[in-house]
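**Q** Please find one structure pasted underneath; my questions will follow.
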């Protein structure tokens, strides 16, 4: 069953987690500045606040709703669907950055891929937990 509302909520949670990682990475010196679009796609938008609005809007509405639509056809458990989706949107973002500015060199960034995979896993896991309340319970580790 497709539920766009759960997709939006999941997208917001995932965008929030990735944003926290970006700010934490900036704080400890891993990222040069807390600009989510610059870090993930190499796109600079000024002022930086607009970049954050775009980041949350795209993660919440576009990717969250698209994941809700594609979730029934993606293989695997909810977190696996999310990881696959994160890899796909990383490819889309990279292709989009190259399309917008073909003369600019946008290197393939493993950190950006890791952030997109984290986004996807959190998105999928949250969507799965909202979709199926029984999946909220931690799995039994020890079975006899």
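Numbering (our numbering), first residue to last: 21 to 164.
Cβ coordinates follow ideal geometry from the N, Cα and C atoms, glycine included.
#1: Report the rounded CA-to-CA distance for residue 81 versus residue 31, giving the unit in angstroms.
#2: Looking only at its chain, what residues have a beta carbon closer than 8 Å to the beta carbon of residue 41, apart from the 5 residues adjacent to it on each side?
#3: When DSSP labels each residue in this structure, what does residue 49 get in the three-state scheme?
#4: When the Cα atoms are used, what is the spatial distance from residue 164 to residue 24?
#5: Return helix, strand or coil for residue 109, following the three-state DSSP convention.
#6: Using the Cα positions of residue 83 and residue 105, report the straight-line distance between them to the nearest angstrom.
#7: Residue range of the alpha helix (DSSP H) that residue 96 falls in?
#8: Report the residue from 122, 22, 34 whose alpha carbon sits nearest the alpha carbon of residue 143.
**A** Looking at the coordinates:
#1: Within the chain shown, residue 81 is the residue found at index 61, counting from 1. Within the chain shown, residue 31 is the residue found at index 11, counting from 1. Pairing residue 81 with residue 31, the inter-Cα distance amounts to about 7 Å.
#2: Your numbering for residue 41 matches position 21 in the chain shown. Apart from sequence neighbours up to five positions away, the residues of its chain that approach residue 41 with a beta-carbon distance below 8 Å are 135, 138, ordered along the chain.
#3: Counted from its first residue, the chain shown places residue 49 at position 29. Residue state for residue 49 is assigned as coil, using DSSP reduced to three classes.
#4: Sequence index remark: in the chain shown, residue 164 carries index 144 (1-based). Sequence index remark: in the chain shown, residue 24 carries index 4 (1-based). Because residue 164 carries a pLDDT of 49, less than 50, the predicted location of this residue cannot be relied on, and the following value inherits that uncertainty. About 40 Å.
#5: One-based indexing of the chain shown puts residue 109 at position 89. Looking at residue 109 - three-state DSSP - the assignment turns out to be helix.
#6: Here residue 83 corresponds to residue number 63 of the chain shown, with the count starting at 1. Here residue 105 corresponds to residue number 85 of the chain shown, with the count starting at 1. Distance between the alpha carbons of residue 83 and residue 105: 9 Å.
#7: To locate residue 96, count along the chain shown from 1; it is residue 76. Run containing residue 96: none; DSSP gives neither H nor E here.
#8: The residue given as residue 143 occupies position 123 in the chain shown. For residue 143, the closest C-alpha among the options 122, 22, 34 is that of 34.
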